[in-house]
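Please read the structure below before turning to the comments.
What follows is the structure, encoded as structure tokens:
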């Protein structure tokens, strides 16, 4: 197969659709008086983060692509470009997305890149575009290596990744309650993804899916949205700035400050970079497990309910 | 998509959406209506630290929270709120209130709109606590 295989840059071509959908959601909310919230500076920050993400992918995309092409030259396998292969690639890349996303919440080095996506206290279609500028530095492109080595062309893998991101755009809304049952059972939906953006102890570290919610059900991270507990959007500790530079880099700054502080040993320095967010050498901060444990200490009635040890309920 | 199309579309799109939001009146900052709402806003960020006393400024745009050790502040982030401890804070008076500088990359400078009497009182309380 030619190394020069190309697919459309789907995320760029989707920009007009993104703009139109945001306007439609906004008008819907204003007319109906329900279905979500918008705020000017919050939305502006989200949109600038989205534009910055596109700029960063144009400027730094060659690093990941170069790595993938290197792998492509190494592998003896070539699965071709049939529709069936693209479909399989899409599903496997979604599995890849699940794990990268899970790492993004459980490894602080990767969280430093992903945190900005969760930094809005709103949940609307502009939140979908609040994307990272620093994804390249997480080195999570490594998780795509098996796909390339299995014989999926790098251009196809990136095309499927782009489609995956476009799918995820529409689920960032409060305007849609629940989809039909069969759809909620298989696909990631606004309801499932609202849970993922929740800062409530119950909803922390849940629903990492991109397109198919089945991965969360398979790997034990699925928590259904509870009618009795409205999702509180944002970070455990919400930002005090709309400055996109600070939004993009604040966790990186936090890591470097923690790692370079005097009086701790090398293991602690490493842990500040790779342990789950909230880890601290002196126990002065809380990880999501500790937050859940504290919640259960004051609300024992929640024990065993979804998000607190029994995701099947 | 060529950059010559993508770039203008992104710029016009962002500007248009932001303008529309502002025209729709969606730039209004959150207000702390009463002590209970200020207390709830503080506890939303620091659920383990129950305030001993809450002082809301007359405009409802901020609250000073007295804790077992030191003070904290609650202020609007757009239509929502956030809060921080005032450990290591430096206070300076501005034309319309005070500016609080924090050693915190995520909230480096907080502007609070206060009347002259509140400016004096809050400056004294914050300076006395740090």
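Protein chains in written order, with our numbering: chain A, 1 to 313; chain B, 1 to 130.
Cβ atoms here follow ideal geometry from the backbone N, Cα and C, with glycine treated the same way.
Within-7 angstroms CB hit, residue i to chain A
i                      : result
residue 143 of chain B : Residue coverage of chain B in this structure runs from 1 to 130, which leaves residue 143 of chain B outside it and unanswerable.
residue 14 of chain B  : yes
residue 85 of chain B  : no
residue 101 of chain B : no
residue 79 of chain B  : yes
residue 4 of chain B   : no
residue 21 of chain B  : yes
residue 26 of chain B  : yes
residue 36 of chain B  : no
residue 94 of chain B  : no
residue 107 of chain B : yes
residue 82 of chain B  : yes
residue 73 of chain B  : no
Residue-level contact to chain B via CB, residue i, 7 angstroms cutoff
i                      : result
residue 12 of chain A  : yes
residue 311 of chain A : Here the model assigns residue 311 of chain A a pLDDT of 40, short of 50, so the residue's position is not dependable, and the following value carries that caveat. Cβ-Cβ to chain B under 7 angstroms: no for residue 311 of chain A.
residue 41 of chain A  : yes
residue 299 of chain A : no
residue 231 of chain A : no
residue 30 of chain A  : yes
residue 15 of chain A  : yes
residue 33 of chain A  : no
residue 265 of chain A : no
residue 19 of chain A  : yes
residue 260 of chain A : no
residue 142 of chain A : no
Short Cβ contact (7 angstroms threshold) for residue i with residue j
i                      : j                      : result
residue 100 of chain A : residue 140 of chain A : yes
residue 221 of chain A : residue 208 of chain A : yes
residue 35 of chain A  : residue 175 of chain A : yes
residue 151 of chain A : residue 93 of chain A  : no
residue 32 of chain B  : residue 56 of chain B  : yes
residue 129 of chain B : residue 98 of chain B  : no
residue 113 of chain B : residue 95 of chain B  : no
residue 47 of chain A  : residue 14 of chain B  : yes
residue 40 of chain B  : residue 79 of chain B  : no
residue 125 of chain A : residue 22 of chain A  : yes
residue 62 of chain B  : residue 42 of chain B  : no
residue 306 of chain A : residue 224 of chain A : yes
residue 113 of chain A : residue 138 of chain A : yes
residue 168 of chain A : residue 104 of chain A : no
residue 26 of chain B  : residue 123 of chain A : no
residue 288 of chain A : residue 204 of chain A : yes
residue 247 of chain A : residue 57 of chain A  : no
Residue i - containing beta strand (DSSP E), residue span
i                      : result
residue 17 of chain B  : From DSSP, residue 17 of chain B is part of no beta strand (DSSP E) but of the alpha helix (DSSP H) over 3-23.
residue 113 of chain B : 109-113
residue 99 of chain B  : 97-101
residue 71 of chain B  : 71-77
Counterpart residues of residue i in DSSP-defined beta bridges
i                      : result
residue 49 of chain A  : Answer by DSSP bridge pairing: none, since residue 49 of chain A is not bridged.
residue 80 of chain B  : B/77
residue 62 of chain A  : The partner list for residue 62 of chain A (beta bridge, DSSP) is empty, contrary to what the question assumes.
residue 187 of chain A : A/212
residue 233 of chain A : A/198
residue 85 of chain B  : B/72
Bounding residues of the alpha helix (DSSP H) (the contiguous stretch that carries residue i)
i                      : result
residue 91 of chain B  : Unbroken run through residue 91 of chain B is the beta strand (DSSP E), 90-94; no alpha helix (DSSP H).
residue 195 of chain A : 190-196
residue 293 of chain A : 288-298
residue 133 of chain B : Beyond the ends of chain B as shown, which are 1 and 130, falls residue 133 of chain B; an answer cannot be given.
Chain-ordered neighbours of residue i on chain C, where CB pairs are closer than 9 angstroms
i                     : result
residue 45 of chain B : Looking at the structure shown, chain C is missing, and the protein chains on hand are A and B.
Practice problem: May I have a chain-ordered list of the beta strand (DSSP E) segments no shorter than 3 residues that lie completely inside the region 31-65 of chain B? | Solution: 53-56
Self-check item: Runs of alpha helix (DSSP H) lying entirely within the region 69-137 of chain A, each at least 4 residues, in chain order
Solution: Listed in chain order, the complete alpha helix (DSSP H) runs (minimum 4 residues) inside the region 69-137 of chain A are 83-106, 108-114, 125-128.
Quiz item: Curious, which full-length alpha helix (DSSP H) runs of at least 4 residues does the region 133-162 of chain A contain?
Solution: 145-149
Quiz item: Could you give the uninterrupted runs of the beta strand (DSSP E) lying entirely in the region 238-279 of chain A, keeping only those of 3 residues or more?
Solution: none
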